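In the order they appear, the protein sequences are chains A and B. Be aware that the first sequence starts at 41, since it is given in our numbering, and climbs by one per residue. Be aware that the second sequence starts at -17, since it is given in our numbering, and climbs by one per residue. Heads up, the thing below is written out as structure tokens.
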Amino acid sequence: MDDIGIGSLVIVCLIAIFIGAVTAVQFSYQLGGQLIPRYYIGYIVRDMTIIELAPTFTCLVLAGKVGSNIASEIGGMRQKEHIDAMEIMGVNTAAFLILPRLIAAMVVIPMLVCIAAFVSIGGAYLASVPTGLFSAAEFIKGLRYTFEPYNVTMMLIKAFVFAFILTTVACYQGYYVQRGSIELGKASTNAVVFGDVLILIADYLIAVVLTS
Amino acid sequence: MIRADGIYKSFDENEVLKDINMVFEPGKTNLIIGRSGAGKTVLLKLLVGLFQPTDGKVWYDDIDFFSLDKKQMREIRMQVGMLFQGSALFDSMTVEENIRFPLDMFTNNTVAEKKKRVNDCLARVDLDGTNNQYPSEISGGMQKRVGIARAIVLNPKYLFCDEPNSGLDPKTSILIDQLISSITEEYNITTVINTHDMNSVMEIGEKIALLHMGKLVWIGNKEEVMENDNEFLQAFVFASPFLQRLREEATGSK
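Rendered as structure tokens:
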């Protein structure tokens, strides 16, 4: 839980700040000079962050950081015969090695996504208000405008599903790794690539199901 | 007692073990010897259930091991200790935690009882006082001894050793051999050792099986090694000219 959560906090926050900042600056540029009220930018940043950017970006990044780490760790144990040693002792290795990681990820990753959402909105504020793109009052009005709590539910559902995907894919790749360091490297890469692709597919499916 | 009964094992088209029939006797060091690629490790891993045989049975006393369900198999495995070629100690755990691991998993002993059992096992392998060291901080020979201590911590009925001497100097190899042999005798364990170390064969080979290209081609003991004229045995045991000369001197034959 410490590795997945606290260990990933800095990178998640860093990415969240810039995503929020870029979203605000970009939409401010796109909507500038049109008849749309400026506070709409705060509203767009909030909903984009909550519905899509916070869960998806965070989990794509975590598939790289945590997924590759899990695959290498379990794969290394397989190659060094640690898993065989546990099997011979009578330990249920799948339960012993995979379940705690899965539970930790399912608990911690939704928390990280929530933090990312807050930080991202903070990033948008820092990038737009002090630089004069629009006022603090406009931004806050936008954040409060037609807030839909269901979007937060959607964000959390995405976070749980993505956490499940990135952890199970990584554990599978590590658990069934073949001999040799090249195979271990491949398993680590596959954990990230397959994890990312499955997260993007799941993102689309969840969006279709939950908004229909 | 462990009995291999008509064991065949193939990986895809490659037949690695062919019709292996052998009894591994309790209280004895049973050695499986053979050249690299002969199928020794596959046989050992098959005996402990890490591989399924393509055909044949493995009997633990009167129990057909591969007919058991997972739970029953786990109960048998709790009576098995194994020393791996690379020791397979958990890097992130100290020596004490490594040895205590099976106790934590399968016993309800108190912390004090576990500590005492770990210290007893460490004393048995002559490693008193290394409790708090990590595997990376001790030598290969010490790692093997920790591996043995972990293997015997639950008082197993069966002990498997995969190349216990690989990567060790001759003196340490002899110590490890003597340790395995004395533990086997002391606890009346069925010990199966997979090796190609000739010192081990001649020192502790109470029952020796020679594998050649996946087939069992000779079974005997260390006394019979010198006298037997099985061509595979001679080609394997006396592969080096030095040993060939020693044999000629010992038996007076050319």
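C-beta atoms are modelled at their ideal positions from N, C-alpha and C, and glycine is treated no differently. Bear in mind that the values here come from a model prediction, so they are computed numbers and not experimental data.
Excluding the 5 residues flanking it on each side, D(-13)/B has same chain C-beta neighbours closer than 8 Å at N3, G38, K39, V40, W41, in chain order. Within chain B, no residue has its beta carbon less than 9 Å from that of G115/A; the closest one is some 14 Å off. Taking all protein chains shown into account, D86/B has fewer than 16 neighbouring C-beta atoms within 10 Å of its C-beta and is therefore exposed. Collapsing the DSSP output to three states places R(-15)/B in a strand.
In terms of beta-carbon proximity, V30/B lines the interface with chain A, with at least one pair separated by less than 7 Å. Under DSSP, I2/B takes part in a beta bridge, and its partners are I(-11)/B.
The Cβ atoms of C143/B and L65/B sit closer than 7 Å to each other. At the C-beta level, I110/A and R141/A come within 7 Å of one another. In this structure R118/A is buried. Its beta-carbon is surrounded by 16 or more other beta-carbon atoms within 10 angstroms.
Under the three-state reduction of DSSP output, A221/B falls in the coil class, being neither helix nor strand. By the C-beta criterion, the region 140 to 156 of chain B is judged not to be in contact with the region 101 to 116 of chain B, since fewer than 3 inter-stretch pairs fall below 8 Å.
Three or more beta-carbon pairs separated by less than 8 Å link the region 210 to 219 of chain A to the region 230 to 237 of chain A, which places the two stretches in contact. In the three-state reduction of the DSSP assignment, Y140/B falls in the strand class, which pools E and B.
In terms of CA proximity to T177/B, I190/B leads the group N170/B, Y169/B, I190/B. Following the DSSP letters along the chain, one finds D102/B inside the alpha helix (DSSP H) bounded by residues 93 to 106. Judged by DSSP secondary structure, V169/A falls outside any alpha helix (DSSP H); it is assigned neither H nor E.
The Cβ atoms of H194/B and F214/B sit closer than 7 Å to each other. The three-state secondary structure of V135/B, taken from DSSP, is coil.
The count of Cβ pairs closer than 8 Å, one atom from the region 124 to 134 of chain A and one from the region 183 to 190 of chain A, stays below three, leaving the stretches out of contact.
Residues of the same chain with a CB within less than 7 Å of the CB of E57/B, apart from the 5 flanking positions on each side, do not exist. For the region 122 to 139 of chain A, residues whose beta-carbon sits nearer than 8 Å to a beta-carbon of chain B comprise H122, D124, A125, E127, I128, M129, G130, V131, N132. The three-state secondary structure of K22/B, taken from DSSP, is helix.
Within chain A, the residues I128, M129, G130 have their CB atoms less than 7 Å from the CB of R59/B, given in chain order. For G63/B, DSSP records a beta bridge to L141/B. G202/B sits in a strand when the DSSP states are folded into three classes. Taking the beta carbon of K226/A as reference, no residue of chain B falls within 9 Å; the closest one sits roughly 20 Å away.
In the three-state scheme derived from DSSP, where H, G and I count as helix and E and B as strand, D87/A is classed as helix.
Rounded to whole angstroms, K181/A and G82/A show a C-alpha spacing of 7 Å. Within the region 68 to 82 of chain B, the residues whose Cβ lies closer than 9 Å to any Cβ of chain A are, in chain order, G68, S69, A70, L71, F72, D73. Each residue's CA atom was taken as its position, placing I197/A and S68/A some 30 Å apart.
Against chain A, the beta carbon of F66/B has neighbours under 8 Å at E121, D124, A125, listed in chain order.
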